[in-house]
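Numbering (the UniProt record's numbering), first residue to last: 1 to 159.
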Amino acid sequence: MLMLAEQLVASFFAAAGFAIIFNVPRQVLFQCGTVGAVGWFLYRLLVLNTVDEVVATLAAAAVVAVISQIFAKWFRTPIIIFNVSGIIPLVPGGLAYDAMRHFVENNYEVAIPNAARVVMLSGAIALGLVFSEIINQMIRNGKWKRYHNKYDRKGLERS
1 MLMLAEQLVA SFFAAAGFAI IFNVPRQVLF QCGTVGAVGW FLYRLLVLNT
51 VDEVVATLAA AAVVAVISQI FAKWFRTPII IFNVSGIIPL VPGGLAYDAM
101 RHFVENNYEV AIPNAARVVM LSGAIALGLV FSEIINQMIR NGKWKRYHNK
151 YDRKGLERS
């Protein structure tokens, strides 16, 4: 459990550090770090409970996107500020490096599975962000309301 706490702190500082690199306003640096830490915590929690890494990355990216949408509304900042800094801990950079190193060394038996894993993890990050945005747009546009009933909150029939 101590290792998980250390990873949580490291992911917080990684996300906040990238937020500094991207010139995020000082007022939201803590929130950027929090988004990254929560995403990484969920990822590690799922992986420790024997969930596949790709599924865990998809779930963590979706949670990062939801929290980013909430923070963007609360702090009146663009959502990209929280999305980018929040997914930084989830990016499979070390695995991508290993895949490229094995390609350069002509060790294709190791390089191809690593590269496939990188593509799946990167795709899971993208899908998680897109999935969350689609749900947000559906809620915001009110298309889900037609599935409830024909009455609004006051009990009056809609036209």
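Every residue gets a Cβ at the ideal spot worked out from N, C-alpha and C, and that includes glycine.
For the candidate residues Asn141, Val110, Gly36, whose alpha-carbon lies nearest to that of Ile80? Along the sequence shown, one-based indexing puts residue 80 at 80. Nearest of Asn141, Val110, Gly36 to Ile80, Cα basis: Gly36.
Contact defined as beta carbons within less than 8 Å: I believe Gly15 pairs with Ile70. What is the distance between those atoms, to the nearest angstrom? In the sequence shown, residue 15 corresponds to position 15, counting from 1. In the sequence shown, residue 70 corresponds to position 70, counting from 1. The question names Gly, but residue 15 is Ala in the sequence shown. Between Ile70 and Ala15 the Cβ distance is about 16 Å, and since that is not below 8 Å, they are no contact.
Validate contact between the segment 40 to 55 and the segment 19 to 29 using beta carbons, cut 8 Å, 3 pairs: no
Can you tell me whether Leu2 is buried or exposed? The criterion is at least 16 other CB atoms within 10 Å of its CB, across all chains shown. Numbered from its first residue, the sequence shown carries residue 2 at position 2. By the neighbour-count rule (16 or more Cβ atoms within 10 Å), Leu2 is not buried but exposed.
Do the segment 126 to 137 and the segment 60 to 70 meet, that is, are 3 or more Cβ pairs less than 8 Å apart? yes
If you draw a straight line from the C-alpha of Arg101 to the C-alpha of Val119, how long is it? Counted from its first residue, the sequence shown places residue 101 at position 101. Counted from its first residue, the sequence shown places residue 119 at position 119. Roughly 16 Å separates the two Cα atoms.
Range covered by the alpha helix (DSSP H) that runs through Asn136: As a first step, residue 136 is located in the sequence shown; it is residue number 136 there, counting from the start. Per DSSP, Asn136 belongs to the alpha helix (DSSP H) from 108 to 141.
Assuming Glu6 is part of the alpha helix (DSSP H), what are its boundary residues? Translated into positions along the sequence shown, residue 6 becomes position 6. 2 to 21 is the extent of the alpha helix (DSSP H) around Glu6.
Closest by C-alpha distance to Asn83, when choosing among Asn107, Ala111, Arg44, Thr34: The residue given as residue 83 occupies position 83 in the sequence shown. Distances from the alpha-carbon of Asn83 to those of Asn107, Ala111, Arg44, Thr34 put Thr34 closest.
Is the beta carbon of Ala96 less than 9 Å from the beta carbon of Ala65? Counting from 1 along the sequence shown, the entry for residue 96 is found at position 96. Counting from 1 along the sequence shown, the entry for residue 65 is found at position 65. Cβ distance not < 9 Å, so Ala96 and Ala65 don't count as in contact.
Are Thr57 and Leu121 close, meaning C-beta to C-beta below 9 Å? Residue numbering aside, residue 57 sits at position 57 when the sequence shown is read from its first letter. Residue numbering aside, residue 121 sits at position 121 when the sequence shown is read from its first letter. For Thr57 and Leu121, yes; Cβs fall inside 9 Å.
Val28 and Phe75: beta carbons closer than 9 Å? Locating residue 28 in the sequence shown gives position 28, where the first residue counts as 1. Locating residue 75 in the sequence shown gives position 75, where the first residue counts as 1. Yes, these two residues count as a Cβ contact at 9 Å.
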